[in-house]
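Engineer:
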Amino acid sequence: MSALRALQQLKLAAPRLRLAAVPLARLPLLAAATPVAARAFSASTSSRTAGPGPSTAQLAARLQEELKYEITAAEEAGTDGVPAFLADFRESGIWTIEDAQGNDEVFLTRTFGDENIRVMFSIADLQASEEDFEEEPEAEAPPTEMRVSLSITKTSSPAGLNVDLYCAEGALEPAMVSFFASGALARDLTIDADFKRRTLYVGPHFETLDSSLQESFKRFLVERDINAALARFIPEYAHWKEQREYVQWLEGVSKFVAA
Numbered sequence: 009m010s011a012l013r014a015l016q017q018l019k020l021a022a023p024r025l026r027l028a029a030v031p032l033a034r035l036p037l038l039a040a041a042t043p044v045a046a047r048a049f050s051a052s053t054s055s056r057t058a059g060p061g062p063s064t065a066q067l068a069a070r071l072q073e074e075l076k077y078e079i080t081a082a083e084e085a086g087t088d089g090v091p092a093f094l095a096d097f098r099e100s101g102i103w104t105i106e107d108a109q110g111n112d113e114v115f116l117t118r119t120f121g122d123e124n125i126r127v128m129f130s131i132a133d134l135q136a137s138e139e140d141f142e143e144e145p146e147a148e149a150p151p152t153e154m155r156v157s158l159s160i161t162k163t164s165s166p167a168g169l170n171v172d173l174y175c176a177e178g179a180l181e182p183a184m185v186s187f188f189a190s191g192a193l194a195r196d197l198t199i200d201a202d203f204k205r206r207t208l209y210v211g212p213h214f215e216t217l218d219s220s221l222q223e224s225f226k227r228f229l230v231e232r233d234i235n236a237a238l239a240r241f242i243p244e245y246a247h248w249k250e251q252r253e254y255v256q257w258l259e260g261v262s263k264f265v266a267a
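Note that the working numbering numbers the sequence shown so that position 105 is 113, with each residue one more than the last.
Put into structure tokens, the structure is as follows:
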């Protein structure tokens, strides 16, 4: 049906629609015919606007108990301040930690000659590891395994190199080495950049490389302090940060519920 014909039919139907409309004289009768429904609606909405009940107070009290427990446990363990492992890491002066409260991602940055190196990991991987362990309650707790993303760019080159690694049992094992002609694309963390990276061929899986080439890549990484010391630090820092974020979460939720 053309748009013009549809418009013509709408004009013809308009008088019929007006004739079918409810006369104004009948409107009071219709309004008077529905007092029960109106009263039922009023009763149902009153319970919704009555305000918080006992469950709110119970939740607020339970949140405060949990918060107090976590703070006391941190004080007794000596992790309420700067733990020794973190102080030692900072004192080494190799890496700079970029960690914003409330974010689950952590960045470690450094320079190596004309190279800009960035390591990224997420504390969300800790929860994934715990969920996998809960599925097999009789098994021993497995070592923490985390995904680590490494990005290397150079002032002497427009390109960039990304390395996906697995951090477990005190080691950082490469999973894939990706090359990008654009260093900006290699480092950019936007959704658009991530989509562009997914459409490119960036390299083979690390395990498919010749063994001697794998060893050369590993020595290349160790020279840049992508080593066992960093592999021990990452999960330790992740656990420490996750605990601090949990306490902040408890404080925020507790204040909101009690407000």
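Ideal Cβ positions, reconstructed from N, Cα and C, are used throughout, including at glycine. Because the structure is a prediction, the values reported are computed rather than measured.
Nearest CA to the CA of D196: which residue from S159, D133, E177 and M184?
Structural biologist: On the sequence shown, position 188 is the one that residue 196 refers to. It is S159 whose Cα lies nearest to the Cα of D196.
Engineer: Taking D172 as the reference, give the member of A194, K162 and T152 with the closest Cα.
Structural biologist: In the sequence shown, the residue the question calls residue 172 occupies position 164. Minimum Cα distance to D172 is reached at A194.
Engineer: Relative to the C-alpha of E215, which residue among M184, T80, E123 and Q72 is closest?
Structural biologist: Indexing the sequence shown from 1 puts residue 215 at position 207. Comparing Cα positions, the closest option is M184.
Engineer: With 8 Å set as the bound, which would you pick, yes or no: does the beta-carbon of A236 sit closer than that to a beta-carbon of chain B?
Structural biologist: Checking the listed chains, one finds no chain B in this structure; it contains a single protein chain.
Engineer: Measuring straight from C-alpha to C-alpha, what distance separates D233 and P60?
Structural biologist: Position 225 of the sequence shown, counted from the first residue, corresponds to residue 233. Position 52 of the sequence shown, counted from the first residue, corresponds to residue 60. Answer to the nearest angstrom: the Cα atoms are 55 Å apart.
Engineer: Does K76 pass the burial test, meaning 16 or more other C-beta atoms within 10 Å, or should it be called exposed?
Structural biologist: On the sequence shown, residue 76 is found 68 positions in, with the first residue counted as 1. It counts as exposed.
Engineer: Per DSSP, what kind of secondary structure is G168 in: helix, strand or coil?
Structural biologist: Counting from 1 along the sequence shown, the entry for residue 168 is found at position 160. Reduced to three states, the DSSP call for G168 is strand.
Engineer: Are I242 and F129 close, meaning C-beta to C-beta below 8 Å?
Structural biologist: Here residue 242 refers to the residue found at position 234 when the sequence shown is read from its first residue. Here residue 129 refers to the residue found at position 121 when the sequence shown is read from its first residue. Result yes, Cβ atoms of I242 and F129 sit closer than 8 Å.
Engineer: With F228 as the anchor, note down where its alpha helix (DSSP H) starts and where it stops.
Structural biologist: Numbered from its first residue, the sequence shown carries residue 228 at position 220. It spans S219 to E231 - the alpha helix (DSSP H) in which F228 sits, taken as one unbroken run.
Engineer: Exposed or buried, I199, counting other C-beta atoms within 10 Å across all chains shown (16 or more means buried)?
Structural biologist: Numbered from 1 along the sequence shown, position 191 holds the residue referred to as residue 199. That one is exposed.
Engineer: Quick one: is A246 buried, meaning 16 or more other Cβ sit within 10 Å of its Cβ, or exposed?
Structural biologist: Along the sequence shown, one-based indexing puts residue 246 at 238. By the 16-neighbour rule on beta-carbons within 10 angstroms, A246 is buried.
Engineer: Excluding five sequence neighbours on each side, which residues of the same chain lie with their C-beta closer than 6 Å to the C-beta of E123?
Structural biologist: Taking the sequence shown and counting its residues from 1, the one referred to as residue 123 is at position 115. Contacts found: I160 and K162.
Engineer: Locate the beta strand (DSSP E) running through L180, then write down its first and last residues.
Structural biologist: Start at 1 with the first residue of the sequence shown, and residue 180 comes out as number 172. Start and end: A179 to F188.
Engineer: I'd like the span of the alpha helix (DSSP H) that includes L116, first residue to last.
Structural biologist: Reading the sequence shown from its first residue, position 108 is the one you call residue 116. Run containing L116: none in the alpha helix (DSSP H); it sits in the beta strand (DSSP E), E113 to F120.
Engineer: CB A82 to CB G178, shorter than 8 Å?
Structural biologist: Position 74 of the sequence shown, counted from the start, is the residue given in the question as residue 82. Position 170 of the sequence shown, counted from the start, is the residue given in the question as residue 178. One thing to note: A82 has its Cβ no nearer than 8 Å to the Cβ of G178.
Engineer: In three-state terms, what does DSSP make of I102?
Structural biologist: Taking the first residue of the sequence shown as position 1, residue 102 is located at position 94. Correct three-state label for I102: coil.
Engineer: Starting from I125 and walking both ways along the beta strand (DSSP E), at which residues does that stretch end?
Structural biologist: As a working note, residue 125 is residue 117 in the sequence shown. First-last of the beta strand (DSSP E) with I125: E123 to S130.
Engineer: So, with DSSP's three-state summary, where would you put V156?
Structural biologist: Stepping through the sequence shown from its first residue, residue 156 is reached at position 148. The answer is strand: DSSP assigns V156 an E or B state.
Engineer: Is A176 helix, strand or coil when you go by DSSP?
Structural biologist: Residue numbering aside, residue 176 sits at position 168 when the sequence shown is read from its first letter. Here DSSP, grouped into helix, strand and coil, assigns A176 to strand.
Engineer: Between the Cα of G168 and those of V230, P182 and I125, spot the shortest distance and give me the residue it belongs to.
Structural biologist: The count along the sequence shown starts at 1 and reaches residue 168 at position 160. Residue I125 is the option with its Cα nearest to G168.
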